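Quick note, the sequences are listed as chains D and U, same order.
According to our numbering, the first sequence is numbered sequentially starting from 1.
According to our numbering, the second sequence is numbered sequentially starting from 1.
Each residue gets a CB set at the ideal place from its N, CA and C atoms; glycine is no exception.
Quick caveat, the model's predicted, so the values are computed rather than measured.
This report refers to the structure that appears directly beneath it.
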Amino acid sequence: MAQLTLFELNNLIKSQLENNLEPNYWVVAEISELRVNQKGHCYMELVEKENNFIQAKMRANIWSYTYRSLSAQFENATGTSLKPGIKVLFNLSVNFHEVYGLSLTVNDIDPNYTIGERSRLREETIQRLQQEELFDKNKKLELPIVPQNIAVISSDSAAGYGDFIDQLRNNGSYYFQTILFPAMMQGNEAVVSIRKALKDIHESQTNFDAVVIIRGGGAQADLDCFDTYELARAISLFPLPLLTGIGHERDQTVADLVAHTSLKTPTAVAEFLISGMNRFDDLLHEYLYRIEKVFENKLTFEQRQLQYLSSSIEQATKETLKSYDHALGQKALTLKYVSQRFLERQHSLVDRLDQQLTLIDPMTILKRGYSLTLKNGKSVMNQKLEVGDLLETRTLNKNINSQVTAIKDE
Amino acid sequence: MSKKSISYKEAIDRINEIVTTIEGEDLDIDELTGLVKEATTLIGSCKDKLQNAESDLQTSLDKLN
Chain D
1 MAQLTLFELN NLIKSQLENN LEPNYWVVAE ISELRVNQKG HCYMELVEKE NNFIQAKMRA
61 NIWSYTYRSL SAQFENATGT SLKPGIKVLF NLSVNFHEVY GLSLTVNDID PNYTIGERSR
121 LREETIQRLQ QEELFDKNKK LELPIVPQNI AVISSDSAAG YGDFIDQLRN NGSYYFQTIL
181 FPAMMQGNEA VVSIRKALKD IHESQTNFDA VVIIRGGGAQ ADLDCFDTYE LARAISLFPL
241 PLLTGIGHER DQTVADLVAH TSLKTPTAVA EFLISGMNRF DDLLHEYLYR IEKVFENKLT
301 FEQRQLQYLS SSIEQATKET LKSYDHALGQ KALTLKYVSQ RFLERQHSLV DRLDQQLTLI
361 DPMTILKRGY SLTLKNGKSV MNQKLEVGDL LETRTLNKNI NSQVTAIKDE
Chain U
1 MSKKSISYKE AIDRINEIVT TIEGEDLDID ELTGLVKEAT TLIGSCKDKL QNAESDLQTS
61 LDKLN
């Protein structure tokens, strides 16, 4: 029985593999471990699981030159770095080294698989949230008209947090009270860390009007934690309206979808809060303007009313005076008429007396040429006359004395 | 009775009285002549008063208009 040295055996295996395997294969595998050494070479442990049970496992590496370009392309395409826990479609070559044994060398990666995989997982998460009626819960909360007390979940060193605070502070008009609840915003710890922050806020929720989750950084950042069911559920069930400004360019994360309001960046969240204040401010101004208008109209109306009333009074007074004047005029006419009538009557009375006197005036008879014959100053008509009586005869211009010589009765 | 102190009404009464006296009584001609003179004077003064009253009335009514 021929004997082989270990090296000969390993050589045999190596040549068998090289002869019988294709130069490369497209293989789907999950990264279970990953590290990059100082030279930039990437060493991974790839696995395939069925219900958390490992069915297959193999070492794999990506040489530094390849790793630099592949990891960048992968992040660009998926928004996620190569890291444990994700499934990737690798182009691999199978190598066997006499000393190091069997390993896989990565030549290429098709990021579309991971994108599809993630979008499938994302879809599943969304469906599950919808089925459990958790999708719209936070959206149904009412954001206070003027949310001024804000709980902020962020990494305290993140540029996005600084931008958010600066924007709120420098709005020039409104004061916002913010309290930071620091949390890891990426990586495996992020979900636990953010949920812990939410729990802390929950304990003092009466101090806050709203919660803001913000994260600064570029598009390449790892956002997978924001697609997890656990975080989405925590956001959805949170009793305060929750605003996200996670800072990314790709489609919204599940966290964005279940949040009360999602905005692209921390700065946008700050602007949203400020614009809410502005709208409220404008509304107040509008109310003020409307109140002023109503007041002005009322004032104008009342002034007109007063004017109308005062002119009515003037008119009525004038008319009354006029009627009094008219009545007085009538009275004056009556007075004139009555007075004139009275005077006329007096005139005719006096005239009549005048005539009467003229008729009985003895001078009237004398003027006509008659004479009066008197005995002892009285008319002789009713006196007894005897011969020898002395008589006085008056004419207009003469007094004649005579003596009776004879008397004859007729 | 002086002319000035006698009122119109008194003057008219006096004139009537004189007329009645002249018509009803057998008077001495000198008495009669005196009464007629008195009555004539009173009539003149009454006419004057009426004249004055008329113009006073006119003046007063003119002020109203």
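Assuming D/LEU143 contacts D/HIS260 (C-beta within less than 8 Å), just tell me the rounded distance between them.
The C-beta distance from D/LEU143 to D/HIS260 rounds to 6 Å, short enough to fall under 8 Å.
Output needed in chain order: residues of the region 356 to 367 of chain D with a Cβ under 8 Å from some Cβ in chain U.
Taken in chain order, the members of the region 356 to 367 of chain D whose beta-carbon sits within less than 8 Å of a beta-carbon on chain U are GLN356, LEU357, ILE360, ASP361, PRO362 and MET363.
Cross-chain neighbours of D/LEU372 in chain U, by beta carbon under 9 Å:
ILE29
Take D/ASN91 as the anchor and find which of D/LEU70, D/SER371, D/GLN3 and D/LYS14 has the nearest alpha-carbon.
D/LEU70
Cutting at 7 Å between CB atoms, please list the residues of its own chain near U/ILE43, excluding the five before and the five after it.
Around U/ILE43: ILE15.
Can you list, in chain order, the residues of the region 43 to 55 of chain U whose Cβ is nearer than 7 Å to any Cβ on chain D?
ILE43, CYS46, LYS47, LEU50, ALA53 and GLU54
D/GLN167 vs D/PRO111 beta-carbon contact at 8 Å:
no
At 3 residues or longer, and completely inside the region 177 to 216 of chain D: list those beta strand (DSSP E) runs for me, N to C.
List check, beta strand (DSSP E) in window: 177 to 182 and 210 to 214.
CA-CA distance, D/LYS318 and D/VAL294?
36 Å
Test item: CB-CB of D/TYR67 and D/HIS97 under 8 Å
Cβ distance not < 8 Å, so D/TYR67 and D/HIS97 don't count as in contact.
Within chain U, partners of D/SER402 - CB distance below 7 Å:
Correct list: empty, because the minimum Cβ distance to chain U is about 17 Å.
Buried or exposed: where does D/THR80 fall if 16 or more other Cβ atoms within 10 Å of its Cβ makes it buried?
buried
Between D/PRO362 and U/ILE29, how many whole angstroms is the CB-CB distance? I'm expecting something under 8 Å.
6 Å
For U/ASP28, three-class secondary structure by DSSP:
Annotated three-state conformation of U/ASP28 is coil, per DSSP.
For D/MET185, count neighbouring C-beta atoms within 10 Å of its own C-beta (all shown protein chains included) and say buried if the count is 16 or more, exposed if not.
Per the 10 Å Cβ criterion, buried.
Given that U/GLU10 touches chain D, what residues does it touch there, using C-beta distances under 9 Å?
Within chain D, no residue comes near U/GLU10; the closest Cβ sits about 14 Å away, beyond 9 Å.
Quick one: is D/SER262 buried, meaning 16 or more other Cβ sit within 10 Å of its Cβ, or exposed?
That one is buried.
Per-residue DSSP class, three states only, for D/ALA219
Summary for D/ALA219: the model assigns pLDDT 45, below 50, so the residue's position carries little reliability, and this model does not support an answer.
Give every residue of the same chain whose Cβ lies closer than 7 Å to the Cβ of D/ARG290, excluding the five residues on either side of it in the sequence, and list them in chain order.
none
According to DSSP, which residues form a beta bridge with D/LYS49?
BP columns for D/LYS49 point to D/ILE54.
Less than 8 Å between CB atoms is the rule here; does U/GLU23 satisfy it with respect to chain D?
By this cut-off, U/GLU23 is an interface position.
Within chain U, the residues that D/HIS326 reaches when beta carbons sit closer than 8 Å:
Simply none; closest approach about 12 Å.
Proximal residues of chain D, C-beta to C-beta of U/ILE15 below 7 Å
LEU353
Output needed for D/GLU48: all residues of its chain with C-beta closer than 7 Å, excluding positions within five of it in sequence on either side, in chain order.
ALA29, GLU30, GLN55 and ALA56
Which chain U residues sit within Cβ distance under 7 Å of D/VAL380?
Residues of chain U passing the Cβ test: none, with the nearest at roughly 11 Å.
Against chain D, with Cβ distances strictly below 8 Å, would U/THR40 count as a contact?
yes
Report yes if the C-beta distance between D/TYR65 and D/LEU89 is below 8 Å; otherwise report no.
In this structure, the beta-carbon distance from D/TYR65 to D/LEU89 does not fall below 8 Å.
Status (buried if at least 16 other CB within 10 Å, exposed otherwise) for D/ASN170:
exposed
Given that a residue counts as buried once 16 or more other Cβ atoms are within 10 Å of its Cβ, and exposed if not, what is U/LYS3?
At U/LYS3, the pLDDT of 47 sits below 50, so the modelled position is not reliable; the number obtained from the coordinates is stated separately. By the 10 Å Cβ count, U/LYS3 comes out exposed.
Using the rule of at least 16 other Cβ atoms within 10 Å of the residue's Cβ for burial, across every protein chain shown, is D/MET44 buried or exposed?
buried
What's the gap between the Cα of D/SER103 and the Cα of D/TYR229?
Distance between the alpha carbons of D/SER103 and D/TYR229 is about 35 Å.
Say whether chain D places a C-beta atom closer than 8 Å to the C-beta of U/LYS3.
Its pLDDT being 47, under 50, U/LYS3 is placed unreliably by the model, and nothing is read from it.
Under 8 Å between beta-carbons, which chain U residues line up against D/LEU343? List them in chain order, please.
LEU50, ALA53, GLU54 and LEU57
Boundaries of the alpha helix (DSSP H) in which D/GLN303 is found, first to last residue:
266 to 360
So, does the CB of D/GLY369 fall closer than 8 Å to a CB anywhere in chain U?
Judged by the 8 Å Cβ criterion, D/GLY369 is not in contact with chain U.
Give a yes or no on whether the minimum CB-CB distance between D/VAL338 and chain U is below 8 Å.
no
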